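>
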Amino acid sequence: MPYTADISRANPACFLFLIDQSGSMTQALAAQPGLRKMDQAADAINRILDTISQRCSQGMDIRDYFHIGVLGYSTNATGGPIVTSILPGTTPDQPFLPISQVVDVAEVEERQVRESDGAGGLVEVARRFPIWLRPHAEYGTPMCQALEVAAQAVGEWAGQHPDSFPPIVINVSDGAASDGNPEGPAQGIANLQTSDGNALMFNIHLSDSGGMPTLYPDSEERLPPDEYALTMFRMSSPLPESSRSQAASLDLSVNENSRGYVFNADGTALVQFLDIGTRAASNLQ
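Residue 294, in our numbering, is where the sequence shown stops; the numbers in between run on with no holes.
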């Protein structure tokens, strides 16, 4: 069965996050008008990287079960594509760091949060939050270019780890590619393989069309007649059984045809999707 490889320090898995940093990401989420897409994307990525590091923690030791990359994409003022590797010390063609090094390069912020005081009230306390990705947005959306860069990096990683759990690429975008149809480059990623199966291509669509999120659709008929929604659905891989089990444990309706795609994601759906998507690689040894 595919997607069942054990994950260890000798045979790690990898996640590559692609973050749309185009000008339209300054717009508010339809379901949460007070929140910009770019702020929600950055917050969700920082949260999931922290969560992944905690999954790998054994006491004071962080075991390198995962290699992590984060790429941002936008254009310059004349439309030239810009793909940036976010983690310090990495490049777009070599974006990955072992999770222990990812933890080391985090900036840390102290934030005031409201928590229960244990007596039915709330109290403000200071909490430290690791930060890897800062909100940023400008100009166009070279999604095709970002996917092509991702395919090269993921292909090289898969060649170096031929028996590992297949790479997982998660694209966070408002869906409107400015450099062509991204289905072909996305298929190029999904065609990459290890001995445990094809790479997984997942997409989170931060739409401004309004309405409730559409979670893990199993057919185009479940989506509105929106060309960007349909494109991103076709770009998305079916959820493997481990992700479906995680979704089902949260009382979400999924089946063997459900895709790794959320349309019109709000902040809650975004964070939830990242958790479910990264849980695909869950056989830690």
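No residue lacks a Cβ here, since even glycine has one placed at the ideal position from N, Cα and C.
Note that the structure is a prediction, hence the values are computed from the model and not measured.
1) Report yes or no: do three or more beta-carbon pairs, one from the segment 170-182 and one from the segment 124-134, lie closer than 8 Å?
2) Rounded to a whole number of angstroms, what is the C-alpha to C-alpha distance between K46 and A289?
3) Could you have a look at N20 and say whether DSSP puts it in helix, strand or coil?
4) Taking only runs of the alpha helix (DSSP H) that begin and end inside the segment 156-240, which ones reach a length of at least 4 residues, in chain order?
5) Using a Cβ-Cβ cutoff of less than 8 Å, which residues in the same chain neighbour T150 once the five nearest sequence positions on both sides are dropped?
6) What span of residues does the alpha helix (DSSP H) with F282 cover, start to end?
7) For T100, count neighbouring C-beta atoms within 10 Å of its own C-beta (all shown protein chains included) and say buried if the count is 16 or more, exposed if not.
8) With DSSP as the reference, please indicate the residues paired to T13 in a beta bridge.
9) Could you tell me if P247 is buried or exposed, where buried requires 16 or more neighbouring beta carbons within 10 angstroms of its beta carbon?
10) Among W141, Y237, I177 and Y270, which has the Cα closest to the Cα of L224?
11) Contact check, I179 vs F24 under 8 Å by CB: the rounded distance?
12) Enumerate in chain order the residues of its own chain whose CB-to-CB distance from H145 is below 7 Å, with the five nearest sequence positions on each side excluded.
13) Below 8 Å on the Cβ atoms is my guess for I95 versus V79; work out the distance and round it to an integer in Å.
14) Which partner residues does Q30 have in the DSSP bridge list?
15) Kindly indicate which residue of A37, V163, Q36 and A199 has the alpha-carbon position closest to the one of Q103.
Working from what's here:
1) no
2) To locate residue 46, count along the sequence shown from 1; it is residue 37. To locate residue 289, count along the sequence shown from 1; it is residue 280. Rounded to the nearest angstrom, the two C-alpha atoms are 25 Å apart.
3) To locate residue 20, count along the sequence shown from 1; it is residue 11. In the structure shown, N20 sits in coil (DSSP, three-state: anything other than H, G, I, E or B).
4) 192-199
5) The count along the sequence shown starts at 1 and reaches residue 150 at position 141. Cβ within range, chain order: D29, S31, S33, Y82, S83, T84, S182, D183, A185, A186, S187 and D188.
6) Stepping through the sequence shown from its first residue, residue 282 is reached at position 273. G276 to T287 is the span of the alpha helix (DSSP H), which, as asked, contains F282.
7) By one-based count along the sequence shown, residue 100 stands at place 91. With fewer than 16 other Cβ atoms within 10 Å, it is exposed.
8) Looking up residue 13 in the sequence shown gives position 4. In DSSP, T13 forms no bridge with anything.
9) Here residue 247 corresponds to residue number 238 of the sequence shown, with the count starting at 1. That one is buried.
10) Counted from its first residue, the sequence shown places residue 224 at position 215. Measuring from the Cα of L224, the nearest candidate turns out to be Y270.
11) As a working note, residue 179 is residue 170 in the sequence shown. As a working note, residue 24 is residue 15 in the sequence shown. About 7 Å; that satisfies the 8 Å criterion.
12) The residue you call residue 145 lines up with position 136 of the sequence shown. Contacts found: Q30, M47 and G81.
13) Position 86 of the sequence shown holds residue 95. Position 70 of the sequence shown holds residue 79. Confirmed, Cβ separation roughly 4 Å.
14) As a first step, residue 30 is located in the sequence shown; it is residue number 21 there, counting from the start. Q30 is not bridged to any residue.
15) If you number the sequence shown from 1, residue 103 lands on position 94. Q103 has its Cα closest to that of V163, out of A37, V163, Q36 and A199.
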